[in-house]
Structures are given as structure tokens and as C-alpha cells.
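Number of protein chains: 2
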Amino acid sequence: MRPLERLGRWLTLVLLMALGQAAVAGGEAGQLRGTGDLGVIVERATGSVQIVDTTTRESLARITGLGDLSHASVKYSRDARYAYVFGRDGGLTQLDLLTRRITNRIIQSGNSIGGAISQDGRLLAVANYDPGGVKVFDARTLELVADIPAVDDKGERSKVVGLVDAPRQRFVFTLFEAGEIWVADFSEGKEPRITRHREVGRQPYDALITPDGRHYIAGLFGEDGMALLDLRNPDAGVQRIMDGYGRGDEPLPVFKMPHLEGWAMAGDYAFMPAVGHHSVLVVNRRDWSEVARIPVHGQPIFVMASPDQHAVWVNFAYPDNDTLQIIDVDTLEITGELKPGPAVLHMEFTPRGEHIWVSVRDADEVHIYDAYSLERLGRLNVESPSGIFFTARAHRIGL
Amino acid sequence: MRPLERLGRWLTLVLLMALGQAAVAGGEAGQLRGTGDLGVIVERATGSVQIVDTTTRESLARITGLGDLSHASVKYSRDARYAYVFGRDGGLTQLDLLTRRITNRIIQSGNSIGGAISQDGRLLAVANYDPGGVKVFDARTLELVADIPAVDDKGERSKVVGLVDAPRQRFVFTLFEAGEIWVADFSEGKEPRITRHREVGRQPYDALITPDGRHYIAGLFGEDGMALLDLRNPDAGVQRIMDGYGRGDEPLPVFKMPHLEGWAMAGDYAFMPAVGHHSVLVVNRRDWSEVARIPVHGQPIFVMASPDQHAVWVNFAYPDNDTLQIIDVDTLEITGELKPGPAVLHMEFTPRGEHIWVSVRDADEVHIYDAYSLERLGRLNVESPSGIFFTARAHRIGL
Numbered sequence: 020m021r022p023l024e025r026l027g028r029w030l031t032l033v034l035l036m037a038l039g040q041a042a043v044a045g046g047e048a049g050q051l052r053g054t055g056d057l058g059v060i061v062e063r064a065t066g067s068v069q070i071v072d073t074t075t076r077e078s079l080a081r082i083t084g085l086g087d088l089s090h091a092s093v094k095y096s097r098d099a100r101y102a103y104v105f106g107r108d109g110g111l112t113q114l115d116l117l118t119r120r121i122t123n124r125i126i127q128s129g130n131s132i133g134g135a136i137s138q139d140g141r142l143l144a145v146a147n148y149d150p151g152g153v154k155v156f157d158a159r160t161l162e163l164v165a166d167i168p169a170v171d172d173k174g175e176r177s178k179v180v181g182l183v184d185a186p187r188q189r190f191v192f193t194l195f196e197a198g199e200i201w202v203a204d205f206s207e208g209k210e211p212r213i214t215r216h217r218e219v220g221r222q223p224y225d226a227l228i229t230p231d232g233r234h235y236i237a238g239l240f241g242e243d244g245m246a247l248l249d250l251r252n253p254d255a256g257v258q259r260i261m262d263g264y265g266r267g268d269e270p271l272p273v274f275k276m277p278h279l280e281g282w283a284m285a286g287d288y289a290f291m292p293a294v295g296h297h298s299v300l301v302v303n304r305r306d307w308s309e310v311a312r313i314p315v316h317g318q319p320i321f322v323m324a325s326p327d328q329h330a331v332w333v334n335f336a337y338p339d340n341d342t343l344q345i346i347d348v349d350t351l352e353i354t355g356e357l358k359p360g361p362a363v364l365h366m367e368f369t370p371r372g373e374h375i376w377v378s379v380r381d382a383d384e385v386h387i388y389d390a391y392s393l394e395r396l397g398r399l400n401v402e403s404p405s406g407i408f409f410t411a412r413a414h415r416i417g418l
Numbered sequence: 020m021r022p023l024e025r026l027g028r029w030l031t032l033v034l035l036m037a038l039g040q041a042a043v044a045g046g047e048a049g050q051l052r053g054t055g056d057l058g059v060i061v062e063r064a065t066g067s068v069q070i071v072d073t074t075t076r077e078s079l080a081r082i083t084g085l086g087d088l089s090h091a092s093v094k095y096s097r098d099a100r101y102a103y104v105f106g107r108d109g110g111l112t113q114l115d116l117l118t119r120r121i122t123n124r125i126i127q128s129g130n131s132i133g134g135a136i137s138q139d140g141r142l143l144a145v146a147n148y149d150p151g152g153v154k155v156f157d158a159r160t161l162e163l164v165a166d167i168p169a170v171d172d173k174g175e176r177s178k179v180v181g182l183v184d185a186p187r188q189r190f191v192f193t194l195f196e197a198g199e200i201w202v203a204d205f206s207e208g209k210e211p212r213i214t215r216h217r218e219v220g221r222q223p224y225d226a227l228i229t230p231d232g233r234h235y236i237a238g239l240f241g242e243d244g245m246a247l248l249d250l251r252n253p254d255a256g257v258q259r260i261m262d263g264y265g266r267g268d269e270p271l272p273v274f275k276m277p278h279l280e281g282w283a284m285a286g287d288y289a290f291m292p293a294v295g296h297h298s299v300l301v302v303n304r305r306d307w308s309e310v311a312r313i314p315v316h317g318q319p320i321f322v323m324a325s326p327d328q329h330a331v332w333v334n335f336a337y338p339d340n341d342t343l344q345i346i347d348v349d350t351l352e353i354t355g356e357l358k359p360g361p362a363v364l365h366m367e368f369t370p371r372g373e374h375i376w377v378s379v380r381d382a383d384e385v386h387i388y389d390a391y392s393l394e395r396l397g398r399l400n401v402e403s404p405s406g407i408f409f410t411a412r413a414h415r416i417g418l
């Protein structure tokens, strides 16, 4: 063989190896794939997340270095390619689900609790405890767009809770100490128009927005009722609902505050956790009056409707947190129960509702169940899993 | 320069060119990107579609060779990577939105009208006129899984209309000549369990399923009423609703049958086109009784609720088909009107409702409007555009 031929063969081999590498890489991170069946699971103890595939029901990657992820939550870019992970330590991380890499990360405050993405997908808002307020960032670059200190009339800062996106390019949030609900309207550009609703009640601790983006409801820790703002008629002001619904009538120890974003809207009813009580409240969505109380296994934390609005799934606070119960929306009876294991922290339905994924923190597992037969279909190893978030949330108001 | 060096340089050049090609290709078809902001627009006259990006508001590619696309519709794989285009000529085309290529295509009947994808995303069903029935395919390979001839008790075949997916791995469809509604349950595997509901009414011409997948409603061309099946209680059978709602009380010429899948559910109401009349019917969703009739510009075709359920948009049959009207859900008044141009055939909201895309067939344009200010934000050249379908449909029951 002549030297030229040898060189040719050698170069061919190198080229083939390079292509081979690319092919392998294509099967892993960086492969061409749809992003509609992806999700992120928070590993709260280790500052990491796993990227999962809901079609193959497997974990694709583990990403570390996201800081303190206790109470972390996740939002998605409108193309469902990027996850935004909001950490407890003020960290805001932009994660590329395709290359499976952190593409941007900032520490935007000392202490934060959740975020939201605007209706058009261009703005990210973060709710901060310290310093109390909301910061708004460009979703692509994470550059600061607006800083909204939560300062009341006495000049004092409040912690911000219950931050959500709302139609017409608005963010809505609640000031814990001041007892106010604010609406920040970005429809005219980067300078928000702020509307303040004062004296909504004592110690609003969390809030939710209905799936149509119309009703914003804040739970009150300091009073026996809730505060409702109709975002289609904000001039009508904040209205008190559910007065005397039971928050304060018996001084039960509250082991863990329920998550209001977990309220379930199904048919004519909203299903909500009764704070401190072993019951789920059923509320008429027309007038927000109480329709029924369903006795359940423990203090409910998340109360979630299935996508077909046929069932409501409930998990519970310690010491009853090994259990899930399933309520039939038509009969308001408990029709199913599962014992996934120790510390069931969160659950997420696949977008069309065939499966439900469940975080079992102290088993270091995520379980996947058939949402109808309750058969367990799979199990993933995840370290101290908490929140599970699928990319279909990119397309939903308030999620 | 020695021959070896020259060869080395030449090979380096070839390699760089090859890489350059790859880089260019990466910026076009085959680039890594999220699929949550993609969509397909049908070009009905030319057997082609355009793939569009709702973030940049531009067309990415034009794909030809899809056969007869009059009345074509599109469904999406659960990863939102593949579009399934159901043609009028029995063609079923699997289109990869990332490589922008047809990855599979079959002619599965002589004449068909729409399709559906199962809750788990594994099965595709197609409604056929000729031969009348439903064929079910593997969504990945397009291999035939089940063939369901629509044969009535007399042994005669019916055309199949109103095919939709429903929770619990079911497909529901209607037999035009036989006047029957069938439910095909694939929850036990590839052999469906078929339930037949007979004598539902004369000439059921189309149907819809509510967004929660619970109520299936067929419109009757031969009678003044509609047929309702509660899919949570199918044993209760089919119920007649909207008797005497006006379909038959005045023999108005019907220029174009309305599309029932366009019915809008918003708040407590369903909004539906009154066949042949210049009005939109408002129906109570609890008991399916008529609440109001809203006079509109022409014979309504599509009646669509905005994602925030605040507005209902309506387009019209010839000769009033240059107009869109907007109904406020709270006041039931017309609050806006647009004249996009000749032959407004279809419209689609972006998933969170900030924009609406509108097909203006005889202008060969698709217009993009701000859904609140009604300002026109963009315009695309599309040849005889009809249906517009965004990938967020992948995550919705019945879409």
C-alpha cells in the first residue's frame, strides 16, 4: 500500500469515527426530537433536576448545580424547549431540554418563591421574599426588564407570594405583610402599569388563578376567608369569599400549608384543601359558596383535577403523606386509594390524562400510574423528588 | 509543497465544507429546536402545507405532495414533532416538523373526512366515506391496527362523520345513513370493544366532543334537534337535546354546513352556529337548553372561544365570508368586527390566547392579529389557506 493510500484510509477512519461520535451524540443530548413529551422533576435535596420523557417513561438526564431547590418550581418557554427553574435562594436557571445544559443562570435575590411567564412568553417574573418584590426578566437573555419593590403606604417591604401570569400580559401577586394584591400590566411595554388592591385581608399566604385566567384567589392565614379578584372587572375591587369556611374555627395544628395552585376546577366545582382539616372543600364556581366537605385521609396538600375532569387526586401532609386518594367528581365519593410510599410530595398528569406521575420523596422514586386502572406502569430513581412539571404547561394560562 | 501536504490541505478543505453544509442545514430544516410553537397551515388547492413558527410569526417551509386537501385536518403526535394530515382522498400523511419532510404516507381509503389520535398517542383513527367505516393505524409506522366497517343491521355501509378521541383510549364516531353513534374502546389492546347506539336521529352530519371529553354531541341534518351521549354514563344511552332549536323551522338555504368541532365552550355556556340562520345560539351547559340567540353578520361557520374564554370569534358562510365578529362572553354582545378579506375560512388562537391567526383564502394570505387590540401584527403568503393547526393541540382531548 502506498503512503497516499494509507493516509487516505487513515483519514477515512478518522472521519467515520467523527461521524460515529456525532451519531452517538445524536442519540443522547442534542438529538433532534419533539419537546411536547418532556418534563422536569426537581431533586430538592441535591440542587439538581432530571429531564424525563413521558412517552418512553424514562429519565434522559440529570442536571446539577441549580442551588437550593426546596419549594422550587418550573415554567416553560413558549416553544417548550427551555425550562426556567425558580430556586429558593433567588436562583433563576434557564435549562435547555435538548442539549440538556444550563444555558443561563442568575441569582436575582436573596430569597424567592416561585415565578411566572408572560402570556406572550417574553417576560419572566420572580416573586421575592428578600428583598420583597417582583423582578421581571427577558425570558431569552435573563436581563432585568423591571424591578417592582413591594413597598406599602408606610414604606415597608412585604414578602411576595402567589405570583401568577394572567391574560393581557399581566402578572398578579400578593403582599403578605401589607395584605395587598397587585396587578402589573406589561401590555404597553417594559414599564408596567401597577394597580394596587389594599386591605384584602390578613396574611395572604398563597394564591391561585383559575384556568381561564379570570379569577385570582388569595388564601388568608390570618382570617377565616379568602380574597377574590375578578381580573375581567378589576375596578370592582377585591371581594371576600368563603367567610367562615373553617380555616379558623378549630385551632388544629397545620403541619404543612396547602398549595393553592393545586386547587382543582372540574365541572361546576372547585375542589380545595381545607387548611388544617382532614377534608376537601367543594365550592360552587358561580358564587364561590361551599357545596360540600369531603372527609379524607389527612390534611390535604395538593388537590388536582384530572385533565378529563372526572377525578380529583389528593395528597396529604405528614404523618399521612404516604397516601393518595381519588375523589369522583360526579358522586363526590372517594373511589380509589394508593399507598405509593413515604412522603408523597407532588403529582402531575400527562397532558391528556392517561397517566399520573407521583413523587415519593423518601423512597427516592417517582412512580407512574395508569390514571384509570391505577396499575403502576413504571418507577424511576430520583433523589428526593418534589415537583414534577411537564412541558404542556407552556401552553396553559397560569401554569 | 509535497503531495501529502497537498492532499492533507485538500481533505481539510473538503471536511470544512462538509461541516459548513451541516451548519447551514442546522439553521434550516433539521435544526435543534422546540416544537411547542410550531403549526401547520393547509393549502387546500395545491395539496401542500406550510410549517409555521408562532414565535417569529413566519413560515418555515412548504411541503408538497399531500394529495387532495379540501376539508383536510391535522392532528399531532404526543411529542409534538409529527403532524398527521388527513386528506379528502383517503391520504394519511405523517410529516416531520423538524426535518420538514414527509416521513410516511398511505392512501387508506377512497374518500375520507378527518381523523383522531388516541389519548396515549399510539393510535390514529380515520373516518371514511368510501368504503364507510373507521380504520385505525399505528401512529408511528402507519401500519393497520384495526378495520371497523360501518355496517348497520341491514348490512348496509354508512359514511362516517364526527370522529373524535375520548378519554380511556376510546374513539367515538357517527354513521350518517344509519343514524347511529359508535364507541370503539381500545383500552384492552388492538381489538376494540364496539358499543353501538342506534336510532340517534336522522342524518347526523357532524359531531363534537366537549373539552373535558365527556359529552359527544351530533348535529342532525334531517331533524330539528341534536343527539347527546354522556361518555361517562354511556349505558344511559343517547339523549335528544335542543329539540326545535330552529334547524328546520324556516327552510333557509344553507350555503355551507357549520363545523361542529368549532363550538365554543366558555364559562357556563356553549356557543354554537345556528344552521342556516344569521345567529349564534347560546346554550346552557348544564341542561343543554337554549339561553339566547345572538344576531350576527351571516351564517356562522366556526364559533371559537378564546383560550381565556372571554371572547367568541365567528366567521361566516358565503356571501358574508369576508368578516369576523367577536362576541363578549359576559355581555353576549358583539364587541368587535374585522374585515380580513375575501373568504375567511378558519382561525386558530395561539395556545395562551395572545394572538389569532386567520386564513383569508382568496387573498392567498394568513393574517395574524393581536387578540385584544385587534391590531394586525403580520401577514404571510399562503396559497388558498384553509385550516390552521398549532402543535399545542397535541395536549388537548378531542383536538
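Those protein sequence lines, which keep their order, are chains A and B. Numbers in this note's numbering are just positions in the first sequence, counted from 1, shifted up by 19. Numbers in this note's numbering are just positions in the second sequence, counted from 1, shifted up by 19. Think of the CB as a built atom: it goes at the ideal place given N, C-alpha and C, for glycine as much as any other residue.
Restricting to Cα atoms, I'd like to know which of SER131/B, PRO404/B, ARG371/B is closest to GLY381/B.
The sequence as given places Asp at residue 381/B; Gly does not occur at that position. Ranking the options by Cα distance to ASP381/B, first place goes to PRO404/B.
Is it the case that the region 169 to 183 of chain B contacts the region 119 to 128 of chain B, given that we only count it when at least three CB pairs across the two stretches are under 8 angstroms?
Contact fails: fewer than three Cβ-Cβ distances are below 8 angstroms.
Mind checking if GLU95/A is an interface residue toward chain B, Cβ cutoff 9 angstroms exclusive?
In the sequence as displayed, the identity of residue 95/A is Tyr instead of Glu. Yes, its Cβ sits closer than 9 angstroms to a Cβ of chain B.
For chain B, check one thing: does any of its Cβ atoms lie closer than 9 angstroms to the Cβ of GLU373/A?
Yes, contact with chain B.
How many Å lie between VAL219/A and LEU194/A at the Cα?
Taking the straight line from one Cα to the other gives about 10 angstroms.
If contact means a Cβ-Cβ distance below 9 angstroms, which residues of the region 361 to 385 of chain B contact chain A?
Flagged, chain order: THR369, PRO370, ARG371, GLY372, GLU373, HIS374.
So which residues of chain A does THR350/B contact, with C-beta pairs closer than 9 angstroms?
Near THR350/B there are no residues of chain A at all, since even the closest Cβ is about 11 angstroms away, more than 9 angstroms.
Using 9 angstroms as the limit for Cβ to Cβ distance, is TYR103/B near chain A?
False, the Cβ-Cβ gap to chain A never drops below 9 angstroms.
Rounded C-alpha distance that separates ILE320/B from PRO292/B:
One C-alpha to the other measures close to 6 angstroms.
With 16 other Cβ atoms within 10 Å as the buried cut-off, status of LYS94/A:
It counts as buried.
Roughly how many angstroms separate the alpha carbons of ASP149/A and LYS178/A, rounded to a whole number?
Going by the C-alpha atoms only, they are around 7 angstroms apart.
Would you mind working out which of LEU142/A, ASP327/A, GLU62/A, GLY241/A sits nearest SER422/A, comparing C-alpha positions?
The displayed coordinates of chain A run from 20 to 418. Any statement about residue 422/A would go beyond what the structure contains.
For the region 49 to 60 of chain B, enumerate the residues whose C-beta is nearer than 7 angstroms to any C-beta of chain A, in chain order.
Answer in chain order: GLY49, LEU51, ARG52, GLY53, THR54, GLY55, ASP56.
Using a Cβ-Cβ cut-off of 9 angstroms, state whether LEU421/A counts as contacting chain B.
Residue 421/A cannot be examined here, being either before or after the span of chain A that is shown, 20 to 418.
What residues of chain C sit near TYR388/A, judged by a beta carbon separation below 8 angstroms?
In the displayed structure, chain C is absent; the protein chains listed are A and B.
Measure the C-alpha to C-alpha separation of ALA311/A and VAL302/A and round it to an integer number of angstroms.
Their Cα atoms are separated by approximately 7 angstroms.
Distance cutoff 9 angstroms, beta carbons only. Does GLN188/A sit that close to anything in chain B?
Under the 9 angstroms criterion on CB atoms, GLN188/A is classed as interfacial with respect to chain B.
Could you check whether ASN147/A and ILE132/A sit closer than 9 angstroms to each other, using their CB atoms as the reference points?
In this structure, ASN147/A lies closer than 9 angstroms to ILE132/A by Cβ.
Is there a Cβ from chain A that is less than 9 angstroms from the Cβ of HIS414/B?
Yes, its Cβ sits closer than 9 angstroms to a Cβ of chain A.
Can a CB atom of chain B be found closer than 9 angstroms to the CB of GLY140/A?
So yes, GLY140/A belongs to the interface.
Report the three-state DSSP secondary structure of HIS297/B (helix, strand or coil).
Here HIS297/B sits in coil by DSSP.
Is there a Cβ of chain A sitting closer than 9 angstroms to that of ALA328/B, yes or no?
A quick correction: the sequence has Gln, not Ala, at residue 328/B. At least one chain A Cβ lies under 9 angstroms of GLN328/B.
Closer than 8 angstroms, Cβ to any Cβ of chain B: which residues of the region 215 to 240 of chain A, in chain order?
From the region 215 to 240 of chain A, only ASP231, GLY232, ARG233 have a Cβ closer than 8 angstroms to chain B.
Kindly identify the DSSP beta-bridge partner or partners of THR193/A.
VAL180/A, ILE200/A, per the DSSP bridge assignment.
Might you give, ordered along the chain, the residues of its own chain that have their beta carbon closer than 7 angstroms to the beta carbon of PRO326/A, omitting 5 neighbours on each side?
The residues PHE368, PRO370, ARG371, GLY372, in chain order, have a CB closer than 7 angstroms to that of PRO326/A in the same chain once the five nearest residues on each side in sequence are set aside.
Listing by chain order, which chain A residues have their CB less than 8 angstroms from the CB of TYR288/B?
Neighbours of TYR288/B on chain A: none; closest Cβ ~12 angstroms, over 8 angstroms.
Closest by C-alpha distance to LEU114/A, when choosing among ILE416/A, TYR235/A, THR410/A
The candidate whose alpha carbon is nearest that of LEU114/A is THR410/A.
Answer with buried or exposed for GLU175/B, where buried requires no fewer than 16 other C-beta atoms within 10 angstroms of its C-beta.
With fewer than 16 Cβ atoms within 10 Å of its Cβ, GLU175/B is classed as exposed.
Among LEU351/A, ALA283/A, ASN400/A, which has the Cα closest to the Cα of PRO314/A?
Minimum Cα distance to PRO314/A is reached at LEU351/A.
Spatially closest choice to HIS374/B from ARG187/A, THR73/A, ALA197/A, by CA coordinates:
For the residues ARG187/A, THR73/A, ALA197/A, the minimum Cα distance to HIS374/B belongs to ARG187/A.
If we ignore side chains and look at the alpha-carbon of each, how far apart do ARG100/A and LEU51/A end up?
Near 12 angstroms, if we compare the C-alpha coordinates of LEU51/A and ARG100/A.
Own chain, CB closer than 6 angstroms to ARG217/B, minus 5 neighbours either side, in chain order
Within the same chain, and ignoring the five residues on either side of ARG217/B in sequence, the residues whose Cβ sits closer than 6 angstroms to its Cβ are GLU199.
Going by beta-carbon coordinates alone, are THR112/B and ALA48/B separated by less than 9 angstroms?
Here THR112/B is not near ALA48/B, since their CB atoms are 9 angstroms or more apart.
Below 8 angstroms, how does it come out for the region 248 to 256 of chain B and the region 230 to 239 of chain B: are there three or more Cβ pairs, yes or no?
Cβ pair count under 8 angstroms is three or more, so yes.
With a threshold of 9 angstroms between beta carbons, is ARG212/B in contact with chain A?
No, ARG212/B lies away from the interface with chain A (no Cβ there is under 9 angstroms from its Cβ).
Beta-carbon neighbours of THR112/A, restricted to chain B and to distances below 8 angstroms
Neighbours of THR112/A on chain B: none; closest Cβ ~17 angstroms, over 8 angstroms.
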